[in-house]
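Report on one structure; see the data block that follows.
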Amino acid sequence: MTSTPSQSARKRKKAVVVDLGSDSDGDIVVVGEKRPPTQPCEPTWDAWDPEDNPVTFYSQYEHPKFHVRNLERRINKEREWSKPLPEVNHLFFTNTAPRTVEDLAINPRTVGKLKSLLSIKNDGNNSKLLLITGPSGAGKSTAIDVVAHSLSFEVLKWERDSELEGSEMDSFLRFLRRTTLPEKSRRHRLRTSAKRRLYHIEELPLLAYKSVRMIFDLRLNNL
46 MTSTPSQSAR
56 KRKKAVVVDL
66 GSDSDGDIVV
76 VGEKRPPTQP
86 CEPTWDAWDP
96 EDNPVTFYSQ
106 YEHPKFHVRN
116 LERRINKERE
126 WSKPLPEVNH
136 LFFTNTAPRT
146 VEDLAINPRT
156 VGKLKSLLSI
166 KNDGNNSKLL
176 LITGPSGAGK
186 STAIDVVAHS
196 LSFEVLKWER
206 DSELEGSEMD
216 SFLRFLRRTT
226 LPEKSRRHRL
236 RTSAKRRLYH
246 IEELPLLAYK
256 SVRMIFDLRL
266 NNL
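Here the sequence shown is numbered in the numbering used here, starting from 46 and rising by one per residue.
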């Protein structure tokens with residue numbers, strides 16, 4: 046009857062032989078080969094793998110998984126990933142933006158009211174400031190731009206920049222100074238004199254301080 050080694054004996058680690066010779070000065074000398082360090086597994090590339098080389102894999106007409114449509118899908122997927130990013134003017138939301146008043150997805154009565162308010166000429170008795178409020182994404186900015194262009198306004202727009210260096214109020218005042226000061230070029234004045242100007246301010250800067258409010262009111266009166 047032969048005895049088989051137990052499971053614990055099979056899992057027992059290999060003993061390390063230590064030589065403590067008489068000539069030793071007390072140092073321990075380990076006898077045996079040093080195992081090489083474990084190397085990280087490097088990814089392999091298989092020419093016949095459909096993930097690595099779909100053209101070679103799906104081009105085997107005798108292969109049971111070969112289908113022309115599968116080859117087309119894999120090649121098109123690789124091409125899509127290799128395409129450069131689209132330009133801003135080729136993006137979907139840019140190409141499909143409303144161009145006319147009829148394209149606006151807003152209540153026609155609201156659009157008509159906005160159009161009538163912008164059509165009122167400033168004779169000194171009417172207010173120069175029109176405040177448009179509403180939830181985010183309701184189309185306020187788009188409606189203003191489209192209606193203003195339909196009334197032949199020259200739209201001058203200022204938007205808050207989250208990455209702006211310096212004061213937000215300084216940026217706003219530079220915008221007003223740049224757009225309200227008279228142009229030196231006579232050709233530019235002749236080109237823009239026939240159009241009324243609309244200053245489209247996306248979001249007002251902080252006006253809590255009295256000095257800032259005075260500057261804002263002064264610039265607003267010069268419009």
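We treat Cβ as the ideally placed atom computed from N, Cα and C, and that holds for glycine. Predicted model only: the values in this text are computed from it and were never measured.
- The C-alpha of K122 is placed about 45 angstroms away from the C-alpha of I177.
- Annotated three-state conformation of R219 is helix, per DSSP.
- In the DSSP assignment, R144 falls outside any beta strand (DSSP E) and carries neither an H nor an E.
- Here the segment 214-223 does not lie against the segment 187-194, with fewer than 3 beta-carbon pairs under 8 angstroms apart.
- Taking 9 angstroms as the cut-off, the beta carbon of F198 is found closer than this to the beta carbon of L163.
- When the Cα atoms are used, V156 and D215 turn out to be separated by approximately 33 angstroms.
- Distance from the CA atom of R241 to the CA atom of E117, rounded to whole angstroms, is 56 angstroms.
- Around the CB of L249, fewer than 16 other CB atoms lie within 10 Å, so the residue is classed as exposed.
- A150 sits exposed, since fewer than 16 C-beta atoms from the chains shown fall within 10 Å of its C-beta.
- Secondary structure of E248 (DSSP, three-state): coil.
- Buried is the label assigned to A193, since at least 16 other Cβ atoms lie within 10 Å of its Cβ.
- Under the three-state reduction of DSSP, K202 is assigned to strand.
- In terms of Cα proximity to S161, the closest of H245, T145 and S195 is S195.
- Taking C-beta atoms under 8 angstroms as the contact rule, V200 and L243 qualify, at a distance of about 5 angstroms.
- The residue from G179, W203, N152 and P153 with its alpha-carbon nearest to that of I246 is W203.
- In this structure, the alpha-carbon of G179 lies about 18 angstroms from that of R205.
- When DSSP states are grouped into helix, strand and coil, L163 belongs to the helix group.
- DSSP places K185 in the uninterrupted alpha helix (DSSP H) bounded by K185 to S195.
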